[in-house]
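Sequential numbering from 0 applies to the sequence shown in numbering that gives the first Met the number 0.
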Amino acid sequence: MQDRGGRDLAIRPEITPSLARMINQQIHSLPRPVKWFSVPRLCRAERPQKGRLREFFQWNIDIIGDDSPLADAESIFTAIDYLRSVGLTSRDVVAKISSRSMLAAWLQELGATPQELDTIYALLDKRAKLPEETFQALAVEKIPEAGLRNKILELFQIDSFEKLKASAPPAAQEEVARLETLFHLLEVMGVRDYCTFDIHIVRGLAYYTGVVFEVFDRGAELRALCGGGRYDNLLKVLGGPKVSATGFGMGDVVLEILLREKNLLQTAAVPLDFYVIDAAAELGEQTVQTACQLRGRGFSAAFSYKRLPLGKQLKQASSQKARFAVILGQETIDSRQVTIKDMASGLQKTIALPEFLAGPDKVFAAGT
């Protein structure tokens, strides 16, 4: 692309080809299947729109080296399982699934040539995005031969997997059976209610070869939350051996919009286990040391950088949502005792400092 100053720039629009090149370099030493994830910053040289910005982060999941429907199912399951974990139910989102290889076999059975497939895929991809009149005009332009066009438009009308199975020609039966297996596996995995067949899903990138899917909000007001599918030829195209692969990408922009609309967007917060307080001026270094010892035992701990009255330090502990306050005071000087305060219940307990550090999480354990 060129920026406004006329400089030629290269930006990274996706990560999958880079992953394919990386795998090609180590293909003979990696155990298969390779399961890979990444969260790269990506860019588009486009006008920003709702749900589609010039710069965004994208979570990618890829399974490389397995051509079974189970790998496709696990990829789709992973996307749905994450969306489920942030509070989105099957009433909120839907995974629309189809197959490029099934469509390719079917379209060629109808009379389309291999060279025409990408044109037909592009037309199919626009089906749900254009007014009917505009779509029909585009179909006439892209598929001039009326007989073939009418057959393809009739194919586009299939709106359920049952109708697909009932009308599939022999050439497409194998891929239809693969889709049926996929839907069964998604049932086994417990996410079938999130999934549906949609013949219009083809994905925009040319490297997809088999099962493809996109996840949308049920309200159909937003762009796809994520999308992906099988790309069995990409590693070979980029100079390596023929190795099967499947995966998906999920951007942060549309997901954030949907979570915000559903009041599901949570503020990221790291829980604080202990806030260590010095109730005596001479205990400043002991406070820092105690906090560091707690951290060394795997707990999160904080303290005030400034010397503050006890009440203000307790307020800081509360504002930082600490579970416990560890109060070092005169009893610490006299007998190495500290007071532990449960910030939720207000309960307090005095304990020897070495005993506390030996089991910080056991102070308020049941029966103690």
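Built from N, CA and C at the ideal position, the CB exists for glycine as well. These numbers were taken from a predicted model, which means no experiment stands behind them.
| query | Among the residues of its own chain, which have a CB less than 8 Å from the CB of residue 307, if the five just before and after it don't count? | reply | If we look at residue 307 and ignore the five residues flanking it on each side, its Cβ neighbours are 315.
| task | Specify whether the segment 22 to 37 and the segment 216 to 231 touch according to this definition: at least 3 beta carbon pairs, one from each stretch, less than 8 Å apart. | result | Three or more beta-carbon pairs separated by less than 8 Å are not found between the segment 22 to 37 and the segment 216 to 231, which leaves the two stretches without contact.
| request: Could you work out which residue in 65, 82, 115 and 124 is closest to residue 97 when comparing CA atoms only? | output: Looking at the Cα atoms, 124 is the closest of the given residues.
| field | beta strand (DSSP E) runs contained entirely in the segment 200 to 275, provided each spans 3 or more residues | value | Counting only runs of 3 or more, we get 210 to 216, 225 to 229 and 244 to 250.
| In angstroms, rounded to a whole number, what distance separates the CA positions of residue 221 and residue 281? | Cα to Cα, residue 221 sits roughly 59 Å from residue 281.
| query | Along the chain, where does the beta strand (DSSP E) that runs through residue 340 open and close? | reply | First-last of the beta strand (DSSP E) with residue 340: 336 to 341.
| request: Grab me the residues of residue 42's own chain with a C-beta within less than 7 Å of its C-beta, minus the 5 sequence neighbours each way, in chain order. | output: The beta carbon of residue 42 sits closer than 7 Å to the beta carbons of 10, 11, 12, 53 and 54 from its chain, once the five residues preceding and following it are set aside; these are given in chain order.
| query | Which residue from 283, 208, 184 and 190 puts its Cα closest to that of residue 328? | reply | Considering only alpha carbons, the answer is 283.
| said: Suppose only complete runs of 3+ residues qualify. What are the beta strand (DSSP E) ranges in the segment 74 to 128, listed by chain order? | reply: The beta strand (DSSP E) runs lying completely inside the segment 74 to 128 and spanning 3 residues or more are 92 to 98, given in chain order.
| said: How far does the beta strand (DSSP E) with residue 160 in it extend, from its first residue to its last? | reply: For residue 160, no beta strand (DSSP E) encloses it; the enclosing alpha helix (DSSP H) starts and ends at 160 to 166.
| CB residue 63 to CB residue 244, shorter than 8 Å? | Going by C-beta atoms, residue 63 is nearer than 8 Å to residue 244.
| query | For residue 34, which residues does DSSP report across the bridge? | reply | BP columns for residue 34 point to 62.
| Terminal residues of the continuous alpha helix (DSSP H) containing residue 361? | Careful: residue 361 lies outside any alpha helix (DSSP H) and carries neither H nor E.
| request: Quick one: using the 10 Å Cβ neighbour count with 16 as the cut-off for buried, is residue 14 buried or exposed? | output: By the C-beta density criterion, residue 14 is buried, having at least 16 other C-beta atoms within 10 angstroms.
| task | Would you mind reading off the limits of the beta strand (DSSP E) that contains residue 315? | result | No beta strand (DSSP E) contains residue 315, which is instead part of the alpha helix (DSSP H) from 309 to 318.
| said: For residue 234 and residue 70, what's the separation of their Cα atoms in angstroms? | reply: In this structure, the CA atom of residue 234 is about 17 Å from the CA atom of residue 70.
| Using 8 Å as the threshold, is the segment 86 to 104 in touch with the segment 163 to 180, meaning 3 or more CB pairs across them? | By the criterion of at least three beta-carbon pairs nearer than 8 Å, the segment 86 to 104 is in contact with the segment 163 to 180.
| Taking DSSP as the reference, what is the three-state secondary structure of residue 15? | The DSSP-derived three-state label of residue 15 is helix.
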